[in-house]
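So the structure is just underneath, and the comments pick up after that.
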Amino acid sequence: MQLIQRLRSHSFFGVLVNFFNLSVFQGAGIVLQFLAIPLITHKYGIAVFGQTVLASSFAVFMGGITNYGTHQTAIKEVATAKDNLPFLSALFYKVLFFRSYAFLLTIPAVLLMWALYPSIGLWLWLSTLPLILAEVFNPLYFLIGVQKIAFISWGNLVVKLVSLVALFFIPLSSNIAASITLIMGLPVLLYYIVLTVVITKNQRLVFTKPNKNSLVQLAKQNFYIMFNGVAVALQQSIFLFTLAGFVSAQTLGAYGLVDKLVGAVRQLVSSFSNALYPRAAILYNQNVNDWTSFKAKVNKGYSVVFGIVGVVILVAAPQIVWLLTGQSLNSDQALNTIYFMRLFAFVPLVIALNANNVLTLLLQNKYVALFYISVLILVATALLSVCIIFTGNTALVGWYPLFIETICLCIYTYFIRTKQLK
Numbered sequence: 364m365q366l367i368q369r370l371r372s373h374s375f376f377g378v379l380v381n382f383f384n385l386s387v388f389q390g391a392g393i394v395l396q397f398l399a400i401p402l403i404t405h406k407y408g409i410a411v412f413g414q415t416v417l418a419s420s421f422a423v424f425m426g427g428i429t430n431y432g433t434h435q436t437a438i439k440e441v442a443t444a445k446d447n448l449p450f451l452s453a454l455f456y457k458v459l460f461f462r463s464y465a466f467l468l469t470i471p472a473v474l475l476m477w478a479l480y481p482s483i484g485l486w487l488w489l490s491t492l493p494l495i496l497a498e499v500f501n502p503l504y505f506l507i508g509v510q511k512i513a514f515i516s517w518g519n520l521v522v523k524l525v526s527l528v529a530l531f532f533i534p535l536s537s538n539i540a541a542s543i544t545l546i547m548g549l550p551v552l553l554y555y556i557v558l559t560v561v562i563t564k565n566q567r568l569v570f571t572k573p574n575k576n577s578l579v580q581l582a583k584q585n586f587y588i589m590f591n592g593v594a595v596a597l598q599q600s601i602f603l604f605t606l607a608g609f610v611s612a613q614t615l616g617a618y619g620l621v622d623k624l625v626g627a628v629r630q631l632v633s634s635f636s637n638a639l640y641p642r643a644a645i646l647y648n649q650n651v652n653d654w655t656s657f658k659a660k661v662n663k664g665y666s667v668v669f670g671i672v673g674v675v676i677l678v679a680a681p682q683i684v685w686l687l688t689g690q691s692l693n694s695d696q697a698l699n700t701i702y703f704m705r706l707f708a709f710v711p712l713v714i715a716l717n718a719n720n721v722l723t724l725l726l727q728n729k730y731v732a733l734f735y736i737s738v739l740i741l742v743a744t745a746l747l748s749v750c751i752i753f754t755g756n757t758a759l760v761g762w763y764p765l766f767i768e769t770i771c772l773c774i775y776t777y778f779i780r781t782k783q784l785k
């Protein structure tokens, strides 16, 4: 009992509780990705897997536009005013309305992807709509802010398991990649809609239709953050979409596996960063030095944990590839995938070390700096993609995640130390 009381009194306890619940939330998605990989590759082949990776990358990209940075800024607003019911009601419905309008941009985007990739077909891009629409109703920001996230975390785990079971048992014979994407997206959409209704009743939120000015203000305020989030998505998507037109299905599948792992790591780090946000906002408002000290402790923890993870991946890359794909370790394709996996080994460490840089800029309200960072990342992504593709060297494809994440870390570090931009 004394041990539990001591843990509860520790400054990290609230963060750890949030992190545990968010880990369940993000972990469900990560586990689903890992378990879905062998299901797809074994039943339908590497080409179908490559198409599902393309679809999910598009959904993440458009989900970022639909979300429009509200999953970050709204956490801070909820956390600092969680006892103010009128404010929370107005904020909740303002975010819901704004996301609904932003979702409408998905329609022309789907048509554009169909025009760019006519051989893939329209159905694959249409199948991403439930995943993107789910972001309209995603209430995670609100529950993190009021620190009541256990329900959504465990419910999300159940929903992901339902998707996985459906993927295993439902036979697919046509539009396979599109059907897989629908199976993964529809249960999540339905769950978020139900959860949104439950939250409005349990939290006694009063319907408040936002006025035009408040929506315009949100669009202006969150533009830089949205652009930054889209840039992060594009640093994976641009390269992946470029690869689709220049490399074999096997190479695309091998890189697609690494791309999924990068996305999983980003989700995991994001879960801890989001859990940290309410605590970080309070510390930063109290004293900047308190946040700086806290940030240093977290970075040390990141270094130890993800450093060990990197060594494990480096050593056990063949076994990891075999578990995820079932490929014969002596085949050329397996050797190429193992090579990509080893290059990926220390990417998680770089991503983790950069997480608190993003958080610091948000706390400092350096939204203009985030915009400039996003532009630089997009330029770096485009240049690096062109250089790797046109060298024609397949081995360089595996270096892309490490190169681009290291570039991002350097850019963010520079802007953290720059005082001019706000």
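Heads up: the sequence shown begins at 364 in the numbering used here, then just goes up one per residue. All C-beta atoms in this analysis are idealised placements derived from N, C-alpha and C, irrespective of residue type, glycine included.
Worksheet item: Considering only C-alpha positions, which residue in the set TYR763, ASN728, SER452 is nearest to VAL509?
Response: SER452
Worksheet item: By how many angstroms is the C-alpha of VAL458 removed from the C-alpha of TYR702?
Response: If you take the alpha carbons of TYR702 and VAL458, they lie about 44 Å apart.
Item to complete: Have a look at HIS373 and ASN648 and give me their C-alpha separation to the nearest angstrom.
Response: Residue placement at HIS373 is flagged as unreliable, the pLDDT there being 49, under the threshold of 50; the coordinate-derived value follows with that caveat. For HIS373 and ASN648, the distance between alpha carbons rounds to 19 Å.
Discussion item. Beta-carbon within less than 6 Å of ILE400's beta-carbon, same chain only, minus the 5 sequence neighbours each way: which residues are those?
Written reply: LEU687
Discussion item. Once the 5 residues before and after VAL423 are set aside, which same chain residues still bring their CB inside 6 Å of it?
Written reply: ALA596
Worksheet item: Going by other Cβ atoms of all chains shown within 10 Å of its Cβ, with 16 needed for buried, is PHE455 buried or exposed?
Response: buried
Worksheet item: Between which two residues does the alpha helix (DSSP H) harbouring VAL676 extend?
Response: Residue 676 is actually Ile in this sequence, not Val. Residues 651-688.
Practice prompt. Determine the closest residue to LEU558 out of PHE635, GLY518, GLN599, with distance taken between C-alpha atoms.
Written response: GLY518
Fill in: Under the three-state DSSP convention, the category TYR480 falls into
coil
Worksheet item: Are there three or more Cβ pairs, one per stretch, closer than 8 Å when the stretch 567-575 is compared with the stretch 713-733?
Response: no
Discussion item. Relative to the C-alpha of VAL522, which candidate in ILE779, PRO550, PHE586, GLY432 has its C-alpha closest?
Written reply: Looking at ILE779, PRO550, PHE586, GLY432, the one whose alpha-carbon comes closest to that of VAL522 is PRO550.
Item to complete: Reducing DSSP to helix, strand and coil, say where LYS457 ends up.
Response: helix
Worksheet item: Out of curiosity, what's the CA-to-CA distance linking ALA594 and VAL416?
Response: 18 Å
Item to complete: Please say whether GLY408 and LEU494 have beta carbons closer to each other than 8 Å?
Response: no
Worksheet entry | Whether GLN599 touches VAL628 by CB criterion (8 Å) | In this structure, the beta-carbon distance from GLN599 to VAL628 does not fall below 8 Å.
Discussion item. Closest to SER419 by C-alpha separation, out of THR433, SER656, ILE546, SER537, would be which residue?
Written reply: ILE546
Practice prompt. For the stretch 468-475 and the stretch 580-592, state whether three or more C-beta atom pairs, one from each stretch, are separated by less than 8 Å.
Written response: no
Fill in: Between the CA atoms of ALA659 and ASN652 - distance to the nearest angstrom
11 Å
Practice prompt. Taking the CB atoms as reference points, tell me whether GLN696 and ALA617 lie closer together than 8 Å.
Written response: In contact: GLN696 and ALA617 (Cβ atoms closer than 8 Å).
Practice prompt. Tell me whether the beta-carbon of ILE779 lies closer than 8 Å to the beta-carbon of LEU739.
Written response: no
Discussion item. If distances are taken between C-alpha atoms only, which option among GLU498, ILE539, LEU603, ILE562 comes closest to LEU552?
Written reply: Comparing Cα positions, the closest option is GLU498.
Worksheet item: Which class does ASN720 belong to by DSSP, given the choice of helix, strand or coil?
Response: helix
Item to complete: Below 6 Å CB to CB, which residues in the same chain sit around PHE657 once its five sequence neighbours on both sides are set aside?
Response: LEU646
Discussion item. Looking at the secondary structure, which residues open and close the alpha helix (DSSP H) in which ARG705 lies?
Written reply: 695-707
Item to complete: Using 10 angstroms around the beta-carbon of ARG642, count the other beta-carbons present and answer buried if the total reaches 16, otherwise exposed.
Response: By the 10 Å Cβ count, ARG642 comes out buried.
Worksheet item: So does TYR640 have its beta carbon nearer than 7 Å to some heavy atom of the ligand FMN?
Response: Inclusion of the ligand FMN in the displayed structure is not the case, the ligand content being empty and no account of it being possible.
Worksheet entry | Sequence-distant residues of the same chain with beta carbon closer than 7 Å to MET364, five excluded per side | Reliability fails at MET364, whose pLDDT of 48 lies under 50, so the model's placement of it is uncertain and the value that follows must be treated cautiously. Correct list: empty, nothing qualifies.
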